[in-house]
Amino acid sequence: MHEIHPEKLPRHLAVIMDGNGRWAQERMLKRIVGHRRGVETVRIVVEECSRLGIGYLTLFALSSENLLRPKGEVRSLMALLKRYLEKEASRLMKNNIRFNVIGDRSKLPDDINLAIDSTVSKTKDNSGMVLTLALSYGARQEIAYAAAGLAHDVAAGTICPGDVDEGLFARYLYTTGLPDPDLLIRTSGEMRISNFLLWQIAYAELYFTEVNWPDFNKEELHRALENYQSRERRYGLIGDQVRNRRQP
Ligand code: FPP
304 MHEIHPEKLP RHLAVIMDGN GRWAQERMLK RIVGHRRGVE TVRIVVEECS RLGIGYLTLF
364 ALSSENLLRP KGEVRSLMAL LKRYLEKEAS RLMKNNIRFN VIGDRSKLPD DINLAIDSTV
424 SKTKDNSGMV LTLALSYGAR QEIAYAAAGL AHDVAAGTIC PGDVDEGLFA RYLYTTGLPD
484 PDLLIRTSGE MRISNFLLWQ IAYAELYFTE VNWPDFNKEE LHRALENYQS RERRYGLIGD
544 QVRNRRQP
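Sequential numbering from 304 applies to the sequence shown in the working numbering.
What follows is the structure in structure tokens.
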């Protein structure tokens, strides 16, 4: 059994869900079967994070590059996503979860955007965990989008170039209003960030597991959280400073 201390949970957990395709190929199944199983894992992880009291969960569901995969796979992923949004709204309501999306939504089909709007609006007054799906998302694209927003406001005269600092810049990112992730998990043995939340993970703890996403489960989640809780986060300071700061 893994021991989880509620007071030391990450406030924001971000996950790169990887390995659906390999999970399927290892079993001589079509890649879409892996994605379907991946959606079941999403359900399990979302509900367990909410039950544990994690405040924010952000899942990398579709990168801007994923949209360049063969048309059949993109279509299947979109169909899965639509079904998830339609079916899941009532479970999100039951669990008091607020639903949110980040990414370049102009690249998503209209029916997906409608389903997103409907789920966001249904769950907008929920006060529990905030579930964010990154869809058609790329971190460099997000940073360029923020820079364009800032440039626009400077040109309009509403802010001065001298006012631009980290806090102000972050308000122009897709993730405005979300705290930075404390823990980033990536499944399937790949040790890369793949253009996910580059700005926001500056101080996040990174956790990599060999397990493919369809095989990730409550136990694997607890293992990752227990590992996170055993780490000392120093934010560039020395251990004594951080330990003293924690004391009242
Ligand atoms: C990585 O596996 C996963 C994806 C590209 C998509 C993740 C999508 C889901 C879990 C399903 C849709 C999500 C929701 C929330 C409905 P991969 O295909 O890159 O695996 P591989 O690296 O083994 O090929």
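For glycine and all other residues, C-beta sits at the position ideal for the given N, C-alpha and C.
{"Item": "Selected residue, minimal CA-CA separation from GLU329, among ASN399, GLU343, GLU391, ASN515", "Value": "ASN515"}
{"Item": "DSSP three-state assignment for HIS455, whether helix, strand or coil", "Value": "helix"}
{"Item": "Between the CA atoms of MET396 and SER379 - distance to the nearest angstrom", "Value": "26 Å"}
{"Item": "Opposing strand residues paired with THR361 [DSSP bridges]", "Value": "ALA317, THR435"}
{"Item": "Where TYR440 sits in the DSSP three-state scheme", "Value": "strand"}
{"Item": "Burial state of ALA317, where buried means 16 or more other Cβ atoms lie within 10 Å", "Value": "buried"}
{"Item": "Contiguous alpha helix (DSSP H) assignments of at least 4 residues, all confined to the stretch 460-530", "Value": "469-473"}
{"Item": "Candidates GLN544, ASP543, LYS425, TYR510: closest to SER533 by CA position", "Value": "TYR510"}
{"Item": "Endpoints, beta strand (DSSP E) assigned at ARG339", "Value": "Segment 334-355 is the alpha helix (DSSP H) holding ARG339; no beta strand (DSSP E) there."}
{"Item": "ILE307, DSSP secondary structure in three states", "Value": "coil"}
{"Item": "Local conformation of ILE405 per DSSP, three classes", "Value": "strand"}
{"Item": "According to DSSP, residues forming a beta bridge with SER366", "Value": "TYR440"}
{"Item": "Three or more C-beta pairs below 8 Å linking the stretch 452-468 and the stretch 401-408", "Value": "no"}
{"Item": "Unbroken alpha helix (DSSP H) run spanning LYS390, endpoints", "Value": "374-397"}
{"Item": "Within 8 Å, strictly: CB atoms of HIS338 and LEU383", "Value": "yes"}
{"Item": "Inter-residue spacing [alpha-carbon to alpha-carbon] between SER430 and MET331", "Value": "43 Å"}
{"Item": "Short Cβ contact (8 Å threshold) for THR512 with GLU529", "Value": "no"}
{"Item": "Closer than 7 Å: ARG408 CB and nearest ligand 1 heavy atom", "Value": "no"}
{"Item": "ASN429: first and last residue of the uninterrupted alpha helix (DSSP H) it sits in", "Value": "Note, ASN429: premise wrong, no alpha helix (DSSP H); not H, not E."}
{"Item": "Alpha-carbon to alpha-carbon, LEU411 and LEU360", "Value": "22 Å"}
{"Item": "C-alpha distance - ILE347 paired with LEU500, whole-angstrom precision", "Value": "23 Å"}
{"Item": "Residue burial classification, GLY356 (beta-carbon count within 10 angstroms, cutoff 16)", "Value": "exposed"}
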